[in-house]
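Participant: Residue numbers (the numbering used here): 124 to 572. Built from N, CA and C at the ideal position, the CB exists for glycine as well. Here the structure is a predicted model, which means the values were calculated and not measured. I have a structure here, written as structure tokens, and I will follow up with some questions on it.
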Amino acid sequence: SKEQGTKKEKAFASSSSSGGGSYPPMSAVAPNPFMSTPKKTTPKLNQSDTKTVSQNPFTLTTKETTAKSPFTFPATNNGSGNDSGAKNIFGSGSAFGGGVSFGNPNAFGSGTETKSFGFANTKNSTLFGGFSSNTANASPFRAPTSGSGSALGFGEPDSTTSPMKATISSTEKQATQSSSSGGSDTDYKAKLAKFYEVHNPSKLTSVDANLAKYKGKEDELFRKLYQKYGLGPDGKEKAKPYLEPGGNGPRVFMDLSLGGKAMGRIVIQLYADKTPITAENFRALCTGHTPDENGVKRTLQKTFAQSIFHRIVPGMCLQGGDITRSDGTGGRSIYPPNSPDYGTDAWGKFRDELPFMGHAKRGLLSMANAGANQNSSQFFITLRQLPYLDGKHVIFGEVVEPGEEEDEQQVGKGMAVLDRIMELVVVDPKKHRPKNECRVVIEACGQVM
């Protein structure tokens, strides 16, 4: 048996060395597993051919890798701040962390601005989910997103949004803005100028500023304007839910001056049949007398005489009647506090008289207030239609226009007096208060008998 075994081993060795035999060809000498493998020699490369071996994707890359990811972007927009070449999305200048790698303290919600897909401080920073610090187009009605630590534009997606989703949404947004501005056939400037010419000429100087504020959102601007001015969705007049102004009652007068110079008399027709509480309050403050609960004449300590028009808004109104402070923060009615008959509160401010009439023309007398059912002594006279005040202020009279043969003491000079004042008065453009040398004073007032 030993001889047979020796013969088999010799036959196996000879067949292995000659390439034959029933076993697959292997190395002539079996490698010893405990011996080190000889090093392979490789041809020495030139310095220009040197490339780095692929590194761990979670470490910073110092040189260009051999294989570039198909999701990298040109070096000029990679967010790394240099032109060293395109970066892998998991390395420097990546979409995940805005110029830093995973694990870096500045990634994901850092105190610095995150730039998605590597876009940094370029005009295209809003592409592919990027966030621009320019908020000129941001809706002013939407608060900025907070809590992520990044400076996000109003209404923009945050850094956790899917890149593909952010790409689609931002591309759609740009297409919408393009079609709403340059690509639209609508001339918004001419449209807005025409609107203000009809409804509020004093706003014509703000056309460019309003369009810049609502760039890309012009339809929203006009929707708000239509609502503010009481128009329908198409910008046309809609059915008026408020009564046409008008009524009967006593007449009162006011002699006005501007900077100490007499300007003339206006006579006001009160609507006592429609608004008896409001009309009586105004009449008494003009005459200085009012009957008490027993019908006895009572003298008032404060009246409209020597009070001023503290607020004048060109193209809108003249406001006065603050008989206590002369600055719009005061006023006092003739009615007792906490009276159920007049609906007064603890300060004597009385209720609104319904139904409301509409501010449908110039020359109307309306109550200024601090909210619903907060009427005291302040009033204003309209210089044009003010439909956005309908339902908020009680109209209770109007300036009477003189006829050809009527006595001026009975009808005054009408709105011509107020028009002359508006030509001469100088007001603060922000607070709308007349300058000291242009104070408009009610020199005398009373009831026309």
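#1: So, is L547 buried or exposed, given that buried needs 16 or more other C-beta atoms within 10 angstroms?
#2: Expressed to the nearest angstrom, what Euclidean distance is found between the alpha-carbon atoms of L354 and T309?
#3: Candidates C561, D331, M439 and R448: which alpha carbon is nearest I544's?
#4: Nearest-angstrom Cα distance between Q350 and P356?
#5: Ends of the beta strand (DSSP E) at S534?
#6: Kindly indicate which three-state DSSP category S207 falls into: helix, strand or coil?
#7: Quick check: what's the CA-CA separation for V375 versus Q533?
#8: Exposed or buried, which one is D342 when buried takes at least 16 other CB atoms within 10 Å?
#9: Are the stretch 441 to 457 and the stretch 317 to 334 in contact at 8 Å, needing three or more beta carbon pairs?
#10: Buried or exposed: where does G486 fall if 16 or more other Cβ atoms within 10 Å of its Cβ makes it buried?
#11: How many whole angstroms separate the CB atoms of S489 and H516, which I take to be in contact at a CB cut-off of 8 Å?
#12: Assign P557 to one of two classes, buried (16 or more other C-beta atoms within 10 Å of its C-beta) or exposed (fewer than that).
#13: Of the residues P364, P368, L366 and R346, which one's Cα is nearest the Cα of G358?
#14: If G494 sits next to R388, beta carbons under 8 Å apart, how far is it from one beta carbon to the other, in whole angstroms?
#15: For N498, name the three-state secondary structure that DSSP assigns.
#16: According to DSSP, what are the bridge partners of I565?
#17: How would you call K363, buried or exposed, if buried means at least 16 neighbouring beta carbons within 10 angstroms?
#18: Between S456, H412 and K312, which lies nearest to C568 when the distance is taken from Cα to Cα?
#19: Using the rule of at least 16 other Cβ atoms within 10 Å of the residue's Cβ for burial, across every protein chain shown, is G438 buried or exposed?
#20: Just to confirm, are R474 and Y465 a CB contact at a threshold of 8 Å?
#21: To which residues does DSSP link F473 through a beta bridge?
#22: Please determine, among F432, L408, I435 and R434, the residue with the shortest C-alpha to C-alpha distance to K425.
#23: Please name the residue or residues paired with H103 in a DSSP beta bridge.
#24: Spatial neighbours of I431 within its chain, please: CB distance less than 7 Å, with the 5 preceding and 5 following residues excluded, ordered by chain position.
#25: Is it buried or exposed for E360, if we count other Cβ within 10 angstroms and need 16 for buried?
#26: When you compare only the Cα positions, how much space is there between G471 and N404?
#27: Compare the Cα-Cα distances from Q508 to each of F318, A313, A316 and H322 and report the closest residue.
#28: Taking buried to mean at least 16 other C-beta atoms within 10 Å of its own C-beta, is L379 buried or exposed?
#29: Taking the beta strand (DSSP E) that T413 belongs to, which residues open and close that run?
#30: G372 and L393 - do their beta-carbons sit closer together than 8 Å?
#31: Examine the ligand GDP and report whether any of its heavy atoms sits within less than 7 Å of the Cβ of P478.
#32: Measure the beta-carbon distance from N481 to L366 and round it to whole angstroms, keeping in mind my assumption that it falls under 8 Å.
#33: Could you pull the start and end residues of the beta strand (DSSP E) that Q508 belongs to?
#34: What is the rounded straight-line gap between the Cα of Q570 and the Cα of P399?
#35: Excluding five sequence neighbours on each side, which residues of the same chain lie with their C-beta closer than 7 Å to the C-beta of M386?
#36: Please report the distance separating the alpha-carbon of D649 from that of K484.
Facilitator: To lay it out plainly:
#1: So L547 counts as exposed.
#2: L354 and T309: Cα-Cα distance of roughly 20 Å.
#3: Of the residues C561, D331, M439 and R448, the one whose Cα lies closest to the Cα of I544 is C561.
#4: Going from the Cα of Q350 to the Cα of P356 covers about 8 Å.
#5: One detail in the question is off: residue 534 reads as Val in this sequence, not Ser. Per DSSP, V534 belongs to no beta strand (DSSP E); it is in the alpha helix (DSSP H), E531 to V534.
#6: Low confidence applies here, because S207 scores a pLDDT of 42, under 50, leaving its location unreliable; read the following figure in that light. In the displayed model, S207 falls within coil according to three-state DSSP, outside both helix and strand.
#7: C-alpha separation (whole angstroms): 9 Å.
#8: By the Cβ neighbour-count rule, D342 is exposed, with fewer than 16 other Cβ atoms within 10 Å of its own.
#9: Taking 8 Å as the limit for Cβ pairs, the verdict is that the stretch 317 to 334 does not touch the stretch 441 to 457.
#10: Buried, by the Cβ-count rule.
#11: About 5 Å; that satisfies the 8 Å criterion.
#12: So P557 counts as buried.
#13: When only C-alpha atoms are compared, the closest one is R346.
#14: About 33 Å separates the two Cβ atoms, so there is no contact after all.
#15: Here N498 sits in strand by DSSP.
#16: I565 is bridged to L379.
#17: Exposed.
#18: C568 has its Cα closest to that of H412, out of S456, H412 and K312.
#19: Flag for G438 reads exposed.
#20: In contact: R474 and Y465 (Cβ atoms closer than 8 Å).
#21: Note: F473 sits in a beta bridge opposite N498.
#22: The residue among F432, L408, I435 and R434 with its C-alpha nearest the C-alpha of K425 is L408.
#23: The question about residue 103 has no answer here: the residues shown for the chain are numbered 124 through 572.
#24: Result list for I431: G443, S449, R562, V563 and V564, in chain order.
#25: Per the 10 Å Cβ criterion, exposed.
#26: Those two C-alpha atoms are separated by around 12 Å.
#27: When each option's Cα is compared against that of Q508, the closest is H322.
#28: Buried is the label assigned to L379, since at least 16 other Cβ atoms lie within 10 Å of its Cβ.
#29: H412 to P414 is the extent of the beta strand (DSSP E) around T413.
#30: For L393 and G372, yes; Cβs fall inside 8 Å.
#31: Absence of the ligand GDP from the depicted structure is noted, as is the absence of any ligand whatsoever, leaving it without description.
#32: This sequence places Gly at residue 481; Asn is not what is there. Their Cβ separation, rounded to whole angstroms, is 7 Å, which keeps G481 and L366 in contact under 8 Å.
#33: That residue, Q508, is in no beta strand (DSSP E); it is neither H nor E in DSSP.
#34: So the two alpha carbons sit approximately 16 Å from each other.
#35: Counting only Cβ-Cβ distances below 7 Å, and skipping sequence neighbours, we find L379, S380, V540, R543 and I544.
#36: In the structure displayed, the chain extends from 124 to 572; residue 649 sits before or after that span and is not available.
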